[in-house]
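Down below is the structure, laid out as structure tokens.
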Amino acid sequence: MGIKQKPELTGIIYLSQALIDFDRQSIEQLLKVATTKNYQFNITGYLYYEDEHFFQYIEGETVQVNRLMENIQHDGRHSVLIDVHDDTLISRRFPGWNMRYIYKDQLREITMEKVFLKYLIHNSYRKPETNGNLPSGTW
Ligand SMILES: Cc1cc2nc3c(=O)[nH]c(=O)nc-3n(C[C@H](O)[C@H](O)[C@H](O)COP(=O)(O)O)c2cc1C
101 MGIKQKPELT GIIYLSQALI DFDRQSIEQL LKVATTKNYQ FNITGYLYYE
151 DEHFFQYIEG ETVQVNRLME NIQHDGRHSV LIDVHDDTLI SRRFPGWNMR
201 YIYKDQLREI TMEKVFLKYL IHNSYRKPET NGNLPSGTW
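With positions in the sequence shown counted from 1, the corresponding number in the working numbering is that position plus 100.
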């Protein structure tokens, strides 16, 4: 009693294919909506666009992130090809970024390989038929 539980966090990473022509202006418009709504629901992450594909990382309270992902899945402007969920996120990776747009030369700065590695390891070891020997430090 009296102990306030921290809400559970989830992170989702996905790749999608654009179904309409996105130019600078339409991406800026999308970001405007995304940033405002994400601020409201305390969702953080970033968006990357290249060669008619989006790559997005969203994180926040599980309920909010799942709700947003549902929205994103139903958005007719793109088609989600693959998504990976991590529902054991301990702390946010990008606090304060309500939806940062990442340019090519910034990818290195946020050590993308670390984010990818964690997600791929997590996804690979999740299935019960694997030997269960998680490398230490993984989720
Ligand atoms: C590539 C892509 C990324 C998006 N990212 C977000 C986002 O981070 N946050 C958000 O609220 N909406 C995002 N949207 C828009 C949502 O799909 C949806 O249009 C928006 O949340 C408005 O939903 P509403 O009409 O129910 O208010 C994104 C859409 C696309 C195509």
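Yeah, the Cβ is synthetic: ideal placement off N, Cα and C, and Gly gets one too.
Quick one: residues in its chain with C-beta nearer than 7 Å to the C-beta of residue i, no 5 flanking neighbours on either side, listed in chain order?
i: residue 165; result: 110, 112, 143, 158 and 159
i: residue 145; result: 156, 157, 158, 159, 194, 197 and 199
Between the beta-carbon of residue i and the beta-carbon of residue j, is there less than 8 Å?
i: residue 117; j: residue 178; result: yes
i: residue 223; j: residue 184; result: yes
i: residue 148; j: residue 127; result: no
i: residue 210; j: residue 115; result: no
i: residue 201; j: residue 131; result: yes
Taking only heavy atoms of ligand 1 into account, decide whether any of them is closer than 7 Å to the Cβ of residue i.
i: residue 168; result: yes
i: residue 220; result: no
i: residue 181; result: no
i: residue 172; result: yes
i: residue 132; result: no
i: residue 194; result: no
i: residue 164; result: no
i: residue 142; result: no
By the three-class DSSP mapping on this structure, what secondary structure does residue i have?
i: residue 203; result: coil
i: residue 86; result: Nothing can be reported for residue 86: it is not among the residues displayed for the chain, which extend from 101 to 239.
i: residue 178; result: strand
i: residue 216; result: helix
i: residue 152; result: coil
i: residue 129; result: helix
Just to confirm my understanding: we take residue i, look at its own chain, exclude 5 residues before and 5 after, and list those with CB closer than 6 Å. What are they?
i: residue 120; result: 177
i: residue 134; result: 199
i: residue 108; result: 162
Thinking C-alpha only, which one of the options is nearest residue i?
i: residue 151; options: 122, 174 and 212; result: 122
i: residue 51; options: 186, 216, 173 and 154; result: In this structure the chain extends from 101 to 239, so residue 51 is not present and cannot be described.
i: residue 192; options: 215, 170, 133 and 174; result: 215
i: residue 167; options: 189, 138, 154 and 188; result: 138
i: residue 154; options: 203, 107 and 141; result: 203
i: residue 106; options: 140, 174, 189 and 171; result: 189
Compute the minimum distance between the beta carbon of residue i and the heavy atoms of ligand 3, and state whether it is under 7 Å.
i: residue 177; result: Judged by which ligands are present, ligand 3 is missing from the structure shown, whose ligands are ligand 1.
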